[in-house]
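S.K.: The numbering of the sequence shown is UniProt numbering, which starts it at 1 and goes up by one.
The beta-carbon is built from N, C-alpha and C at its ideal position, and this holds for glycine as well.
Okay, here's the structure, questions in a sec.
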Amino acid sequence: MTRRPRTTTAKNVVYNDMDSDLSFSQTKSSDEDSEEWRPSEPKPKATRKTASAPAAGEKKAAAKRTAKPKEPKAPKEPKAPKVPKDPKPRAPRKSAAEKKTQACTALKDSGASVMAGTKRKKNDDIEQDDKPGEGKGEKQTDCPAGERAEESGPSIRMKEERVSFIVSGAHEADGWAGEGSSLAGFRAKKEEVEEEDFTFDEPSLKKQKTSGACLGQPTALPSSEAQALRNELNMCWDLTEVLSTLTCVQRWVCVNIIALLREENTVPFMVRYRKEMINHMDADAVRDVQLVYEELCTLAKKTQSVIQTLKKDGVLTAELEQNLRSCRSADELDHVYSPYKKGSKLTKARRAKALGLEVAASALMDTPHTLDLRAWVKPDTQGLSSVEEVATGVEHILADMIAKDPETLTYVKTLCENSFVTIQSSVSKSAVKEKEQEKTAQSQKNPGAQQNKNKDIDKFHLYFDFTCNIQRIQAHQTLAINRGESLKILTVKVNIPDRVKSDFTRWCINIRWRPKTFGREELRAIIRNAVEDSYKRLIMPFLTRSYRTKLTVAAEKESIAMFVRNLRQRLLVCPVRGCVIMGVDPGFRHGCKLAILSPTSQILHTDVVYLHNSAQQREADKLRHLMIKYSCTRVVIGNGTACRETESFFADLISRCYFHPLDVSYCITSEAGASIYSVSPEAAKEMPDLDPNLRSAVSIGRRVQDPLAELVKIDPKHIGIGTYQHDVSAGALKAALDGVVQECVSFVGVDINICSETLMRHVAGLNVGRARNIAEWREQNGPFINREQLKLVKGMGPKTYQQCAGFIRINPQTQHSARSSPHPVPAMPEKPAAKKGKGKTCVNIPTSFNPLDQTCIHPESYDVAQRFLSLVGGSADQIGSAGLRQCVESKVKTRSVDELAKTVDTTPETLKLIIDGLTQPPGFDIRQNFGQADFKRGIVSMSDLRVGAVLTGRVDNTTLFGAFVDIGVGRAGLIHKSNITLDKLPVSQRRRSLALGPGERVEVRVLNVDPQRGRIGLDLIRVLE
C-alpha cells in the first residue's frame, strides 16, 4: 500500500521517532530547573566545544575518511580547536538544563532497553512522609519507598583524570585508575582548573574532558573493519552513531571502545592502561557503553531471527524488512513484529487484508473519487456481506497503517511530551476485599496470616491514591508501584490527556492521512473512524507499554547504580592490620561463637561462650584468659541476633577494666552473608575441620582485617547493600556487581604469592580455571619470582597475561616468607617449566626478581619506565624511596609531564602511571585513605537520644531515598535525601547524586526519635574528613 509522498525516508523517520520518544525522561520542567543548583558561569560549555570539536565534524566526515588520518599523530591537532569560537555559537545561550538535554537529543530509545547512560530526569517532588513507609522497620533494604540513587548518567565534560571511583574527599580524582595519588604534586604545568560543571543531585559526569586527549587515536574504524561491523549487524543504522547518541559519548571514543571490546579487553585494563583511547572515562561510564553496545548487538541478532521467521512464513515484504531493520530498541521491534507472531490471533487488519480490502484502502487514500464500496460487497462472504462490513474492514486496515507509521508515532509522542502525562496507582479491589476479610478475622482463632497480609497491604499506603507526572516520578516510586502491582495490591494506569487525542485526530484527518483528492462524506467518515480506532485500540496501549517499560528500565538502572556504589565502598574499606582480632558471632540459645585470628588472618583459636545465661562470670573469665593469652585487643561483633546484648556485655567488661593490662575495644560489623558463606563449598574447602557456626565467626573477624579479601567470597547480593534487589533484573544486577568486584580487586592489586584462589578469580583477565591453575603452579613450584613466570601457567595466553599482569604484584617480603615456609617444593622448577614450555613455544623466562613487578606499572611499559629512570638519574632498586621521589619531583617541576612523555616516547597518561608506580612506597594500598571500622569502648542506647543532639556516625547503607547512619545505638538512623544538601558536602563529593556512601564518617543532628517503630530521623551537618 502506498503512503503519502510527504513521508520521509525510513531511516530518518525512525531516527526522528527515537528522537521524540525518550525526551519525556530527559527534559526537565522550568520550575525544576529554577530550584536546582547550577554552576554560576557557562564556562564549562567552552570546554565542551573543544571536547566535541574532533567528534562534531566526524559525523559528516567519518564515512569519507580512510585509515590514513591515523598517521598525522605528532602535531596533536585536537588541541587546535580551543581557539576558534565559531563551532556551536548557540551553546552558551542554553540554560543548564538545556545544555544537558542537548547532549542527548539526537536519538532516544523507545523501548525496554539500551538506556544505559542516558540522562534521566530529576525529581523535586521529594516525599516528606515516612520515607520507608512501606518497608519493614528493621530492614532498610526492603522498603518500597525511597529516593533516587546515584547513577552514571551522560555528561559532556569532566575534570582531567577523573577516574574509576568517586568516593571521598580524601582522594584525588585520578587516584583509582592511576593507583593512588602520588602524582598530586607533579602537575604544575599540566593541571587544568577544575570547572564547576555539575548540577547537584545529578549523576556523576561521564563524558570526559577532551582538550588534547585525542592523542592521535583514530576517529573511525578502518574502512574494512567498519564495513565488516555493519555487515555483521545488517541493520539500517550506523552502530557507532547510535551508540554515541544513546550514551552521550563522543563518536571517536565509542569507536575505540568497540575496538577494545572486540579485542577482548577488560574494563579495568581499559580504564587504567588505555586512558587515552577511552578519553579518561571511568569504569562505570565504560561499562555503560559496553552494556548499550551489547544490547544493540543483541537487538541486531533478534531482528535477523525475526526476519528469517517471517521469511519462512511467507509474509515478509521489502517494506516490512526495512521497518524491522530500522528498529533501534527491543520495544520497537516487538511493536512491528507482534501482528505477525505465530500463535497470536489474526488481527482485524490481517483478516481484512485476507478479504482483499487492501486495494480499497489504498484507493481511499489515493483516488477516493473512484472508490465505490458497493462494488466490494459479496453477500455470501463473511466480512463483505454489506457496505458497512466493507467499510469496517477498510477502517481496520487504515487503523493498522496509522499505528505503524513512524511519522504518525513521532507526532503523537511529541504531543505527549508537551502534555501532562501522568502515572496513577490505586488500591486494587482484591486488596480491599482482603482488608475487609481481615477485620472479620480478628475475632477468629488464627488471625496471624490475615494480619501479615494486611501488613503487606499497609506497606503501600502511600500509593493507594497516587498520581505523578511521568517526567517527574522518582525511581523508588516506580519500583514500589511495580512491586505493588505484581502483588495485586495496586492497579496502575497511564493517563494521557484528552487534548492529545483531539489534536492527534485533527492532524491525521487534515494533514497526514488526508486523501489526495476530494472524497465523499461517507469516505471521510471512514478515515475519521479509522484514526479514532487506531488511537484507542493500538496507539494508546503502545504508548502505555512504552512509558511503563522505560520508567522501569530507568528505575532499575538507578537501583543497580546504587548497589554498585555501595558495594564498591564496602569492598574498599581500609583493612585493620597488625593486630590480633576476635570475631564474635552472637547468639542466645546456641551461644556466641568466637574465632581468634592472627594479624595474617590465621585461625589461632575457636570457641563457644554463653554470655546470656546465669554463668556469665565464668564465661567472662574464659574471655579474659583468651584475650590475654593471645594478646587480643580488638573484638568484632556481628550485627545479628543478640548483637545488642553481646555489645552491652563487652562494654560493661571494658568499663570495669576487666581485661587489664590490655586496652580492649570493639566494633560492630555487618554479618550479612556470613551464614550463607559458612555452609558453602568454598568455606568447607578453606576450613574443612571447622563447624559451620564457627566459620561464620571467622568470616566476621576477617571482614574487618581485610574486607576485600573476605567479601569477594560471598555473592554480592547477600552483602546487604542497596534496595529493591528483588525488583530489578537479576542478570543485570549480577553483571554490574561482578564488574565492580573485578574492578575493586584489580585496582587494589593482589599479591600473587599469598592471595587466595577465590580472590584471584576476580582479577581482570582471570577466571575460576585460570586461578586454580595459578594456585596449583604455586603449590608445585613455590612462589612466583616475577610476572613473566605467569606465562608458564597452563591457560595463560598472551591476551590473558596482558589483561591481568598489571594487577598482579610480586612482593619481595612475602616471596621470601613463602619460600622459607614449609612448602611442597621438592620438585625443581625446571621440570614443570620445561613441560609447560612445550606448549608455550619454550619462551625464555628470567629467573630473577624485577623491582617493577611490585608496582602498578604494566610489563608492556617496563622499557619506558627504565628510560624514565635513566632520565631522572634513578634506578629500579630505589622504587618507593624518598630519594627517587625527590628526583622525580624536581624533574617534573622543571619540565612538564607532556614534555617528558615525548622524551621517553610514550603518552602523558602512561607516564603519569609510571610516576605513580615509581614513587609510591612499597606495599602501597589505595585503600589506606578510606576509613576503617570504628572501634569503641562504651555504649549508648536509643532511649538516651534527644532531639537536637549532635552525634558522629558512619554511613551504613545508602538507598534510593537517603542514607542510613550507624550512630552506635543499635539502630541505624536515616538522613533523608532532602537533608543532604550542597552546602554540607565537600566539593569533591558534590558530583554524586546522593553524595554519601557506606563507610563515610558524618556528623549528624537528631531530628526525631520513634522508639515504637524503631526509627531515628537525622539531619546531615557535615562529612568528616
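Does the beta-carbon distance from Val292 to Met281 come in below 9 Å?
M.R.: Not a contact, by the Cβ cut-off of 9 Å.
S.K.: Can you give the Cα-Cα distance for Ile1021 and Gln928, rounded to whole angstroms?
M.R.: Distance between the alpha carbons of Ile1021 and Gln928 is about 25 Å.
S.K.: Taking three-plus beta-carbon pairs below 8 Å as touching, is the region 893-911 in contact with the region 969-977?
M.R.: Judged by Cβ distances under 8 Å, the region 893-911 makes no contact with the region 969-977, as fewer than three pairs qualify.
S.K.: Between the Cα of Glu899 and those of Leu871, Gly806 and Asp465, spot the shortest distance and give me the residue it belongs to.
M.R.: If we check each option's Cα against that of Glu899, Leu871 comes out closest.
S.K.: Candidates Cys248, Asn844, Phe924 and Pro716: which alpha carbon is nearest Val750's?
M.R.: The residue with the shortest Cα to Cα distance from Val750 is Phe924.
S.K.: So what does Met582 bridge to, in DSSP terms?
M.R.: The partner list for Met582 (beta bridge, DSSP) reads Ile596 and Val635.
S.K.: Is it the case that the region 257-265 contacts the region 751-758, given that we only count it when at least three CB pairs across the two stretches are under 8 Å?
M.R.: Taking 8 Å as the limit for Cβ pairs, the verdict is that the region 257-265 does not touch the region 751-758.
S.K.: Apart from the five residues on each side of it in sequence, which residues of its chain come closer than 8 Å, Cβ to Cβ, to Gly874?
M.R.: Only Gly883, Leu884, Cys887, Val888 and Leu918 meet the Cβ criterion.
S.K.: In whole angstroms, give me the CA-to-CA distance for Val167 and Tyr677.
M.R.: Note that Val167 scores 38 on pLDDT, short of 50, meaning its location in the model is unreliable; the coordinates nonetheless yield the value given after this. If I take the Cα positions, the gap works out to 28 Å.
S.K.: Using a Cβ-Cβ cutoff of less than 6 Å, which residues in the same chain neighbour Pro922 once the five nearest sequence positions on both sides are dropped?
M.R.: So the qualifying residues of the chain are Gly880.
S.K.: My output table needs one value for Val750: the three-state DSSP class, helix, strand or coil.
M.R.: DSSP places Val750 in strand when its eight states are reduced to three.
S.K.: Between Thr606, Arg1005 and Asp284, which lies nearest to Lys984 when the distance is taken from Cα to Cα?
M.R.: If we check each option's Cα against that of Lys984, Arg1005 comes out closest.
S.K.: Pull up the DSSP beta-bridge partners for Phe466, would you.
M.R.: Answer is Ser425, bridged to Phe466.
S.K.: Give the list of continuous alpha helix (DSSP H) stretches no shorter than 4 residues that lie fully inside the region 610-680.
M.R.: DSSP runs (the alpha helix (DSSP H)) wholly in the region 610-680: 616-629, 643-655 and 674-678.
S.K.: Is it buried or exposed, Ile496, if we count other Cβ atoms within 10 angstroms and call 16 or more buried?
M.R.: Buried, because 16 or more other Cβ atoms sit within 10 Å of the Cβ of Ile496.
S.K.: Compute the Euclidean distance between the alpha carbons of Ala361 and Ile527, then round it to the nearest angstrom.
M.R.: Cα to Cα, the separation comes out at about 10 Å.
S.K.: When you compare each of Leu409, Cys468, Val253 and Ser861 to Thr422 by their alpha carbons, which one comes out closest?
M.R.: It is Cys468.
S.K.: If you count every other CB in all the chains shown that lies within 10 Å of the CB of Ile628, and 16 or more means buried, which is it?
M.R.: Exposed, because fewer than 16 other Cβ atoms sit within 10 Å of the Cβ of Ile628.
S.K.: Got a sec? Which residues, its chain only, sit under 6 Å from Ala709 by beta carbon, not counting five neighbours each side?
M.R.: Hits under 6 Å: Leu759.
S.K.: Who are Thr606's beta bridge partners in DSSP?
M.R.: Thr606 is bridged to Ala595.
S.K.: Can you tell me where the beta strand (DSSP E) holding Ile1016 begins and where it ends?
M.R.: Its beta strand (DSSP E) spans residues Arg1015 to Val1023.
S.K.: Could you please give the first and the last residue of the uninterrupted alpha helix (DSSP H) stretch that includes Thr919?
M.R.: Thr919 -> alpha helix (DSSP H) spans Pro908 to Thr919.
S.K.: From the beta carbon of Lys493, is the nearest beta carbon of chain D less than 9 Å away?
M.R.: In summary, chain D is missing from the structure at hand, where a single protein chain is found.
S.K.: Report the rounded CA-to-CA distance for Ser665 versus Gln616, giving the unit in angstroms.
M.R.: For Ser665 and Gln616, the distance between alpha carbons rounds to 20 Å.
S.K.: Here's a check: name, in chain order, each residue in its chain whose Cβ is nearer than 8 Å to the Cβ of Leu597, leaving out the five neighbours to either side.
M.R.: Excluding residues within five positions, the ones whose Cβ falls inside 8 Å are Val580, Ile581, Met582, Gly583, Ile603, Leu604, Val698, Gly701, Arg702 and Gln705.
S.K.: Can you give me the start and stop residues for the beta strand (DSSP E) that Glu1003 sits inside?
M.R.: Segment Arg1001 to Asp1010, the beta strand (DSSP E) holding Glu1003.
S.K.: So Ile845 and Glu788 are supposed to be a Cβ contact under 8 Å. How far apart are they, rounded?
M.R.: Indeed they touch by this definition, with Cβ atoms about 5 Å apart.
S.K.: Note the first and the last residue of the continuous alpha helix (DSSP H) segment covering Val336.
M.R.: Where Val336 is concerned, the enclosing alpha helix (DSSP H) stretches over Ala330 to Tyr337.
S.K.: Can you have a look at Cys657 and say buried or exposed, based on whether 16 or more other CB atoms are within 10 angstroms of its CB?
M.R.: By the 10 Å Cβ count, Cys657 comes out exposed.
S.K.: So for Leu490, helix, strand or coil by DSSP?
M.R.: Leu490 falls in the strand class under three-state DSSP.
S.K.: Could you check which residue in Asp498, Asp956 and Thr633 has the C-alpha nearest to that of Gly722?
M.R.: The shortest C-alpha separation from Gly722 is found at Asp956.
S.K.: Pick helix, strand or coil for Ala972, following the three-state DSSP scheme.
M.R.: If DSSP states are grouped into helix, strand and coil, Ala972 belongs with coil.
S.K.: Confirm, please, whether the CB-CB distance from Ile668 to Glu647 is below 9 Å.
M.R.: Their beta carbons are under 9 Å apart, which means Glu647 touches Ile668 by this criterion.
S.K.: Hey, out of Ala963, Met942 and Glu1003, whose CA is closest to Arg1013's CA?
M.R.: Of the candidates Ala963, Met942 and Glu1003, the one whose C-alpha sits nearest the C-alpha of Arg1013 is Met942.
S.K.: Between Pro998, Leu371, Val412 and Lys312, which lies nearest to Val531 when the distance is taken from Cα to Cα?
M.R.: Here the closest residue by C-alpha is Val412.
S.K.: Given a threshold of 16 other Cβ atoms within 10 Å of its Cβ, counted over all protein chains shown, does Ala764 qualify as buried or as exposed?
M.R.: Label assigned to Ala764: buried.
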